[in-house]
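I have placed the structure first, in the form of structure tokens, so that the comments after it can refer back to it.
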Amino acid sequence: MRLLIVGASGGLGRQVVGRAVARGHEVTALVRRAGSAPALPGVREEHGAVGDDLAAVSGVMAGQEAVVSALGNPLWVAGRRGPAVLARAAANLVTAMRLHGVRRIVLPLAWGSGRSRGHTSPPLRLLTRVVIRRDYRDFDTAEAIVTGAGLDATIVYFGALTDRPGAARTDASLRTPSPLAVSRTGLAACLIDQAESRAAGVTRLAVSGAAA
């Protein structure tokens, strides 16, 4: 497949690119900084800010068969004060996908956001609405944009990310992931699985960690 991967320079994004290449896909990696995408055969690096540059997003969307996001916000709860980006990125991706007839998108979001909030414990719901409400409002808006666009969309909810080797299990019933931590390699494999899927409409999955 021809895959557009956004957020390809981050810890999760690099794993997603590597997994896509290993499966034989042609990857376009849209990144902010030149030279920040994984330098692998089959990867074409393009430059642009997904949430700010619709022209750049539209320019790389033509000819793609699916979009995989590996974007994340610089969480305020961790002391990182950058802007929330997921909702703006989702809006530009959906606009470009409609323009170029691309139907499939895979969007990972933090557990406790969007539809998954109703499956979380009361303390976590309070946390997402009070302590880290800025980020979770952004996640909620991104989900609403993607799932309301009439596309074949998969929302993948995940908990804490680790660099330890490991696989991932998916659960369509949206039970609380157990264990909550999941490896970046496992989540990356799940995201590519969903990009390859032929399921129509909107699908939501919770991802939990599993032994390698």
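Just so you know, we're using our numbering here: the sequence shown kicks off at 36 and counts up by one. A virtual CB, placed ideally from N, CA and C, is assigned to each residue, including glycine. Nothing here was measured: the structure is a model prediction, and the numbers come from that model.
Take residue i and list the residues in its own chain whose beta-carbon comes closer than 6 Å to its own, dropping the five residues that flank it on each side.
i, result
"Arg49", "Pro73"
"Ala43", "Val52, Ala64, Val66 and Ala72"
"Ile79", "It should be pointed out that residue 79 corresponds to Arg in this sequence rather than to Ile. Only Thr63 meet the Cβ criterion."
"Arg239", "Arg150 and Ile190"
Just to confirm my understanding: we take residue i, look at its own chain, exclude 5 residues before and 5 after, and list those with CB closer than 7 Å. What are they?
i, result
"Ala126", "Ile180"
"Ala113", "With a pLDDT of 47 at Ala113, under the threshold of 50, the modelled position of that residue is not reliable, and the figure given next carries that caveat. None."
"Trp111", "In this prediction, Trp111 scores a pLDDT of 46, lower than 50, which makes its location untrustworthy; the coordinate-derived value is nonetheless stated afterwards. Contacts found: Ile167, Arg169 and Asp170."
So what's residue i in DSSP terms, helix, strand or just coil?
i, result
"Val141", "strand"
"Val242", "strand"
"Arg37", "strand"
On the DSSP letters alone, give me the boundaries of the beta strand (DSSP E) that residue i sits inside.
i, result
"Val120", "No beta strand (DSSP E) holds Val120; DSSP gives it neither H nor E."
Who are the Cβ neighbours of residue i in its own chain at under 8 Å, not counting the five residues just before and after it?
i, result
"Met36", "His60, Glu61, Glu100, Ala101, Ala230 and Glu231"
"Glu81", "Thr63, Ala64, Leu65, Val66, Ala91, Gly94 and Val95"
At a cut of 8 Å, does the segment 144 to 154 reach the segment 183 to 196 through at least three beta carbon pairs?
yes
Does the contact criterion of 3 or more C-beta pairs under 8 Å hold for the segment 89 to 99 versus the segment 50 to 65?
yes
Threshold first: 3 residues or longer. Then list the beta strand (DSSP E) segments lying entirely within the segment 160 to 228, N to C.
You should have 187 to 193 and 202 to 206.
Count the CB pairs spanning the segment 206 to 224 and the segment 162 to 172 that are closer than 8 Å, and state whether there are at least three.
No, the segment 206 to 224 is not in contact with the segment 162 to 172.
In chain order, which beta strand (DSSP E) runs of at least 3 residues are fully inside the segment 51 to 112?
61 to 66, 78 to 82 and 101 to 104
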